[in-house]
Amino acid sequence: MSANNDLIVHPRPSSIVASLYTLRDLNVDVAILHGPPGCSFKHARLLEEDQLHVLTSAMDESDFVFGGQGKLAATIDRAVELFSPKSIALVGTCTSMIIGEELKDSASTVSDDISVICVETHAGYANNTAGVMAVLEPAADLGLISNDELIRQRFLLKEATNIELRNGAASRGYLEPSRGDLKYKVAEHLIGLLKSGKKILGILNAKKETAYMFADEILALYETAEILGVSENIILMANADTSLGLPRVREHAKNIMAEFERRGVPIHEIIGGLDEYAITGDAVAALIGEKYSDFDAALIAGVPHALLMEPFAGMELISITNGPRQVAPIKEMGHDYVIVEIDLHPKTLGISSIVPSEFGDTLRAICADQMNQK
Numbered sequence: 001m002s003a004n005n006d007l008i009v010h011p012r013p014s015s016i017v018a019s020l021y022t023l024r025d026l027n028v029d030v031a032i033l034h035g036p037p038g039c040s041f042k043h044a045r046l047l048e049e050d051q052l053h054v055l056t057s058a059m060d061e062s063d064f065v066f067g068g069q070g071k072l073a074a075t076i077d078r079a080v081e082l083f084s085p086k087s088i089a090l091v092g093t094c095t096s097m098i099i100g101e102e103l104k105d106s107a108s109t110v111s112d113d114i115s116v117i118c119v120e121t122h123a124g125y126a127n128n129t130a131g132v133m134a135v136l137e138p139a140a141d142l143g144l145i146s147n148d149e150l151i152r153q154r155f156l157l158k159e160a161t162n163i164e165l166r167n168g169a170a171s172r173g174y175l176e177p178s179r180g181d182l183k184y185k186v187a188e189h190l191i192g193l194l195k196s197g198k199k200i201l202g203i204l205n206a207k208k209e210t211a212y213m214f215a216d217e218i219l220a221l222y223e224t225a226e227i228l229g230v231s232e233n234i235i236l237m238a239n240a241d242t243s244l245g246l247p248r249v250r251e252h253a254k255n256i257m258a259e260f261e262r263r264g265v266p267i268h269e270i271i272g273g274l275d276e277y278a279i280t281g282d283a284v285a286a287l288i289g290e291k292y293s294d295f296d297a298a299l300i301a302g303v304p305h306a307l308l309m310e311p312f313a314g315m316e317l318i319s320i321t322n323g324p325r326q327v328a329p330i331k332e333m334g335h336d337y338v339i340v341e342i343d344l345h346p347k348t349l350g351i352s353s354i355v356p357s358e359f360g361d362t363l364r365a366i367c368a369d370q371m372n373q374k
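Rendered as structure tokens:
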């Protein structure tokens, strides 16, 4: 329930989809949704771009009444035939939960040389983080992650839920979607700050693979400052610790940090891992207090609403999100500008390098135009 006890009526992320993305982060080969063919269709299709084969047992009206174990068994056999997987996940849905299907019954028929994770989930949980734990707990039982990592993930998910209750999609009953401030207006303003010699923090606080685009905002800030001859006024922070997170998450961090280095962009401060976006606030606050309290502005890309406001007192805040329903809460926190990268998610699947962002390209283009006019 939301922080103000309203009934939340706007759409929110699904626990089933959260389970699928977590399976992807564990590098599982195949996920079989035991439910209707249309369940979680958009994300199931997108995840094929990210090396997770997603199949469905394609339950129909007859199976809703008489059960779908036969179809699930046939789908498992077909998955083995098609992909020769080392690991398979059987993922529950609302349908399989309601009719009481036992995923473990089908799992017992799979060859012993294939790891099988039974993910007992559905879309009826209040918070989609339940879908993540539905994967991680059986993964720990199978030895795919350590018990210490399970405890760490449980803590991170609790904090992520708390962030959404305070300042996110669960903070009120209805949030109207918005595209945020006009990117070219914000880009012009940011260039003006750079030209006037303002000291600016660039903070990447992104969630997992979304960092592939949010990192471009940080790149664009630094590149623009270099062109204007004021790069010494820029300090960059990133939650890109390469030693933290599930296997795919660590890989993303390594790719991003390697590209920063290759392009000559210095990350002055590491503030956590790509799965720690909900708890980086303390690290950022400490760094600002110790070193950067005299800065004039901050550009925050990813999950801006996870950072504490107090350390930024006196700074102008420009924030970038990919959630249209996140604009109003971030504005109400006190951020001066909020930008939305509306097409981020489909562009950050199946890749291993930083991809151009709309705001980053806008910033570069306006800077180039102004330099050419001299």
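Sequential numbering of the sequence shown, starting at 1, is according to UniProt numbering.
Every residue gets a Cβ at the ideal spot worked out from N, C-alpha and C, and that includes glycine.
- From the listed residues Asp361, Leu228, Asn128 and Gly289, the smallest Cα separation to Ala187 is found for Asp361.
- Under the DSSP assignment, Thr242 falls outside any alpha helix (DSSP H); it carries neither an H nor an E label.
- Spanning the alpha carbons of Ala328 and Ala74 requires a straight line of approximately 47 Å.
- When the five nearest sequence neighbours on each side are left out, the beta carbons in the same chain lying within less than 8 Å of the beta carbon of Lys331 are those of Val338, in order along the chain.
- In this structure, Leu26 sits away from His43, with a CB-CB distance that is not shorter than 8 Å.
- The DSSP assignment places complete alpha helix (DSSP H) segments of no fewer than 4 residues inside the UniProt domain "Nitrogenase/oxidoreductase component 1" (30 to 135) at 41 to 47, 61 to 66, 69 to 83, 94 to 99 and 103 to 107, in order along the chain.
- Taking Glu223 as the centre and dropping the five residues before and after it, the same chain places the C-beta of Arg364 closer than 7 Å to its C-beta, in chain order.
- Contact between the stretch 266 to 284 and the stretch 200 to 215 is present: 3 or more CB-CB pairs across the two stretches fall below 8 Å.
- Buried is the label assigned to Ser171, since at least 16 other Cβ atoms lie within 10 Å of its Cβ.
- Across the set Val116, Leu142 and Cys94, the C-alpha of Cys94 shows the shortest separation from the C-alpha of Gly124.
- DSSP, read as helix, strand or coil, puts Thr280 in coil.
- Assigned with DSSP and collapsed to three states, Gly264 falls in coil, not helix or strand.
- Collapsing the DSSP output to three states places Ala298 in a strand.
- Using a 10 angstroms sphere on the CB of Thr109, the tally of other CB atoms stays under 16, which defines it as exposed.
- Buried is the label assigned to Asp216, since at least 16 other Cβ atoms lie within 10 Å of its Cβ.
- With a beta-carbon spacing of about 15 Å, Leu228 and Val265 fall beyond the 8 Å limit used to define contacts.
- Residue pairing from DSSP places Leu317 in a beta bridge opposite Ala298.
- The beta-carbon distance between Arg250 and Thr242, rounded to whole angstroms, is 6 Å. This is short enough to meet the 8 Å contact definition.
- Excluding its 5 nearest sequence neighbours in each direction, Met237 has C-beta neighbours in its own chain below 6 Å: Ile203, Glu269 and Ile271, listed in chain order.
- Looking at the DSSP output, Gly202 sits in a beta bridge with Leu236 and Leu299.
- The C-alpha of Leu287 is placed about 46 Å away from the C-alpha of Leu55.
- Between the stretch 97 to 109 and the stretch 64 to 82 there are three or more inter-stretch CB-CB distances shorter than 8 Å, so the stretches are counted as touching.
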